[in-house]
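Colleague: Per the numbering used here, residue 551 is the first one in the first sequence, and the count goes up by one each step.
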Amino acid sequence: MNKKVKFQTPTGMHDILPEDQFLYEKIWALVDDVAKFYGFGKIMTPIVEDAALYERGTGGTTDIVEKQMYTLKTKGDDVLALRPEFTPGIVRSYIQHGMIALPQPIKLYTYGPLFRYEHPQAGRFRQFHQVDFEVFGEQSAALDAQIIQIFYIILKELKFSHLIIEVNSIGDNQCRPYYKKMLSNYLRPRQTSLCADCRRRFRENPLRTLDCKEEKCQRIRSQAPQFIDHLCEECKNHFKALLEFLDETDLPYHLDPYLVRGLDYYTKTVFEIFSEKTMEQTKEKGEVLQRNALVGGGRYDGLVRLLGGKDVPASGAAAGVERIVGLLREMQLVPKSEPTAEIFLAQLGDLSKKKSLKLLEDFRKAKIQVAESLGRDSLRTQLARADKLKVAYTLILGQKEVLDGTIVIRKMDTGEQDTVKLANVVEEVKKRIKK
RNA sequence: GUGGCUAUGGUGUAAUGGCAGCACAGGAGUUUGUGGAGCUCCUAGAGGCGGUCCGAAUCCGCUUAGCCACCCCA
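So this is what it looks like as structure tokens:
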């Protein structure tokens with residue numbers, strides 16, 4: 551290895567090695583399956599978009615846009631950004647392709663890498679993956695509930711047990727300005743008692759003081775007017791309908807009146823899904839409750855219009871894949887990776903090595919996984935390799951066998967060996983692994 | 001952007017200023033065509049740069065990276 555230069559993954563980014571692929575593949579397959587059933591079509595949008603799409607869509611005052619975007623200038627002087635989240639890109643696609651002309655609702659899903667420039671820590675990376683579901687053109691809370699249900703199902707299928715769904719409504723542009731004012735009026739005389747962060751939040755986005763973890767702030771907010779008491783009629787009804795749908799589906803939700811989300815575009819429904827396990831564990835460590843959501847989302851009725859489309863209601867959510875994978879590992883819910891091969895082909899001598907290539911192809915056609923070690927000549931090492939791979943049978947094709955047109959089938963756990971005709975070996979193996 | 005902790009073969013670790021050692025993994029063997037145990041041998045290491053010192057993995061400075069926390073978020 552070169553002593554001077556040591557290349558490694560950029561900060562906050564990781565290789566997903568062959569031995570870890572099965573977990574990701576399992577998640578993709580599950581998501582495809584659930585999405586298909588619920589009528590969501592897969593969409594893949596570019597990893598880079600016009601940076602202005604996020605500045606306008608995600609919101610110029612959000613951290614994501616203010617300090618976490620990877621932007622780049624092309625030779626043609628376009629300013630592009632590595633996507634920090636999915637929603638604006640999908641909204642752009644909805645508008646660009648005139649999906650409004652299609653029968654609504656339009657249900658879309660996707661998954662892939664996202665990029666945010668921030669300091670990496672537990673469950674937080676600069677390149678990470680999300681699974682994302684979006685619905686356009688339907689204002690009913692039924693769709694909000696369905697999205698929550700879909701993510702709940704996905705986590706359930708991955709064997710998560712203690713899931714909790716936090717829901718809230720943050721109103722719309724009818725009632726939110728009104729409530730914001732009310733909250734500000736309440737907070738203003740109490741500013742000095744807030745923590746330093748909340749004093750800043752009070753100026754920038756008073757709603758965010760609601761989910762502060764500082765005890766003194768929590769004391770203050772407990773007396774604060776609650777948004778759900780001051781929703782406008784439409785938002786109130788929408789929220790009520792959502793809760794009824796959730797009751798109907800038996801989802802274990804919890805109304806958290808202090809749940810507000812950082813993105814500017816949310817209206818009405820907001821929700822997050824946590825594993826209670828993470829909460830317990832962080833409590834044990836004596837730390838402040840860690841709120842690493844597995845899933846987060848909500849309704850964004852104003853975004854399509856904001857990005858240049860018609861006034862189309864929409865709702866969506868995204869799950870953090872690395873967080874899911876990390877938690878699966880922590881809770882030891884990680885399934886053992888499947889054995890890579892069922893049988894092993896050991897060969898001795900040039901002639902038999904030549905026959906091996908063709909034989910392997912016969913097994914591939916029969917859909918039987920065969921491992922081999924064609925680079926090695928010693929039978930001893932080949933058997934050792936077969937043993938390590940935990941295959942049930944090893945085929946031994948030696949010089950003698952090649953001349954006789956036969957092959958040895960060795961049962962690894964007992965050491966029993968049968969000699970069969972080379973022409974029949976696929977059939978013979980099939981017979982044995984079926985048992 | 002701020003703060004705390006850390007950095008030794010591929011992996012996990014040891015050695016408190018004096019020969020970098022161990023385990024696992026990997027490779028070659030263990031009498032020539034039969035695995036799992038044992039044994040023998042081999043491969044492979046101080047993140048980088050500088051400083052102190054006769055001598056640095058060890059002390060100091062800077063830097064890079066990792067982990068964790070704040071902020072914020074999936």
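The C-beta atom is built at its ideal place from N, Cα and C for all residues, glycine as well.
1. Suppose only complete runs of 3+ residues qualify. What are the beta strand (DSSP E) ranges in the region 691-767, listed by chain order?
2. Assess, as a yes-or-no matter, whether the region 787-795 is touched by the region 756-765 under the definition of 3 or more beta carbon pairs within less than 8 Å.
3. Could you check what DSSP says for His780 in three-state terms: helix, strand or coil?
4. Relative to the C-alpha of Asp779, which candidate in Tyr808, Glu798, Ala869, Thr799 has its C-alpha closest?
5. Between the Cα of Asp570 and those of Leu947, Val875, Arg960, spot the shortest distance and give me the residue it belongs to.
6. Any chance you could list the alpha helix (DSSP H) runs of at least 4 consecutive residues sitting entirely within the region 611-672, in chain order?
7. Which residues in the same chain as Gln831 place their Cβ atom closer than 6 Å to its Cβ, once the five residues preceding and following it in sequence are excluded?
8. Does the Cβ of Gln823 have 16 or more other Cβ atoms within 10 Å, making it buried, or fewer, making it exposed?
9. What residues in its chain sit with their C-beta under 7 Å from that of Thr561, if we drop five residues either side in the sequence?
10. Mapping DSSP to helix, strand and coil, what is Lys586?
11. Going along the chain, which residues of its own chain have a beta-carbon closer than 7 Å to the beta-carbon of Thr890, five neighbours each way excluded?
12. Checking the sheet assignment: what are the DSSP bridge partners for His804?
13. Ordered along the chain, which non-local residues of its own chain (more than five positions away) have a Cβ less than 8 Å from that of Thr624?
14. Out of Leu652, Trp578, Lys657, state which residue places its alpha-carbon closest to the alpha-carbon of Gly591.
15. When the Cα atoms are used, what is the spatial distance from Val975 to Leu929?
16. Using a threshold of 8 Å, state whether the C-beta atoms of Phe710 and Val845 are closer than that.
17. Can you tell me whether Gly866 is buried or exposed? The criterion is at least 16 other CB atoms within 10 Å of its CB, across all chains shown.
18. What's the call for His712, buried or exposed, on a 16-neighbour Cβ count within 10 Å?
19. Just verifying my parser: in three-state terms, what is the DSSP assignment at Ser825?
20. Tell me where the alpha helix (DSSP H) around Gly874 begins and ends.
21. What residue range does the beta strand (DSSP E) around Ala921 cover?
22. Across which residues does DSSP place Ala864 in a beta bridge pair?
23. Within a Cβ cutoff of 7 Å, which residues of the same chain sit near Tyr729, ignoring the five residues on either side of it in sequence?
24. Please state whether the Cβ-Cβ distance between Ile650 and Gly687 is less than 8 Å.
25. With 16 as the cutoff for other CB atoms within 10 Å, does Arg914 come out buried or exposed?
26. Am I right that Asn842 and Arg811 are in contact with their C-beta atoms under 8 Å? What's the rounded C-beta distance?
27. Does Glu911 come out as helix, strand or coil in the three-state DSSP assignment?
28. Using the Cα positions of Asn755 and Ile614, report the straight-line distance between them to the nearest angstrom.
29. Looking at the structure shown, is Val979 part of a helix, part of a strand, or coil, going by DSSP?
30. Kindly give me the distance between the Cβ atoms of Asp682 and Tyr659, rounded to whole angstroms, as I take these residues to be in contact under 8 Å.
31. Residue range of the alpha helix (DSSP H) that Glu599 falls in?
32. Here's a check: name, in chain order, each residue in its chain whose Cβ is nearer than 6 Å to the Cβ of Gly836, leaving out the five neighbours to either side.
33. Cβ of Leu632 within 8 Å of Cβ of Val685?
34. Which of the three DSSP states is assigned to Ile547 in this structure?
35. Helix or strand or just coil, what does DSSP make of Gln773?
36. Could you round the C-beta distance between Ile704 and Leu567 to whole angstroms and report it? I think they count as a contact, below 8 Å.
Modeller: Quick look at the numbers:
1. 713-719
2. no
3. coil
4. Tyr808
5. Val875
6. 613-617, 637-646
7. Bear in mind that a pLDDT of 46 at Gln831, under 50, signals an unreliable position, so the number given afterwards is only what the model happens to contain. Within the same chain, Gln831 has no close Cβ partners at all.
8. Per the sequence presented here, residue 823 reads as Ile, with Gln not at that position. The residue is buried, with at least 16 neighbouring Cβ atoms inside 10 Å.
9. Pro670, Arg676
10. helix
11. Gln919, Ala921, Leu939
12. Glu716
13. If the five residues before and after Thr624 are omitted, its C-beta is found closer than 8 Å to the C-beta atoms of Leu630, all from its own chain and listed in chain order.
14. Lys657
15. Answer to the nearest angstrom: the Cα atoms are 19 Å apart.
16. no
17. buried
18. Result: exposed.
19. strand
20. For the sequence presented, residue 874 should be read as Ile rather than Gly. Its alpha helix (DSSP H) spans residues 871-880.
21. 920-922
22. DSSP output for Ala864 lists Phe686 as bridge partner(s).
23. Closer than 7 Å at Cβ, skipping near neighbours: Gly721, Phe777, His780.
24. yes
25. exposed
26. Actually they do not touch by this definition, with Cβ atoms about 14 Å apart.
27. Residue state, collapsed to three classes: helix.
28. 15 Å
29. helix
30. 6 Å between Cβ atoms; contact.
31. It is not in any alpha helix (DSSP H) - Glu599 instead sits in the beta strand (DSSP E) that spans 598-600.
32. A caution first: Gly836 carries a pLDDT of 36, below 50, which makes its placement in the model too unreliable to give a value.
33. In this structure, the beta-carbon distance from Leu632 to Val685 does not fall below 8 Å.
34. Since the first residue of the chain shown is 551 and the last is 985, residue 547 is not available in this structure.
35. coil
36. Wrong, their Cβ atoms sit about 24 Å apart, outside the cutoff.
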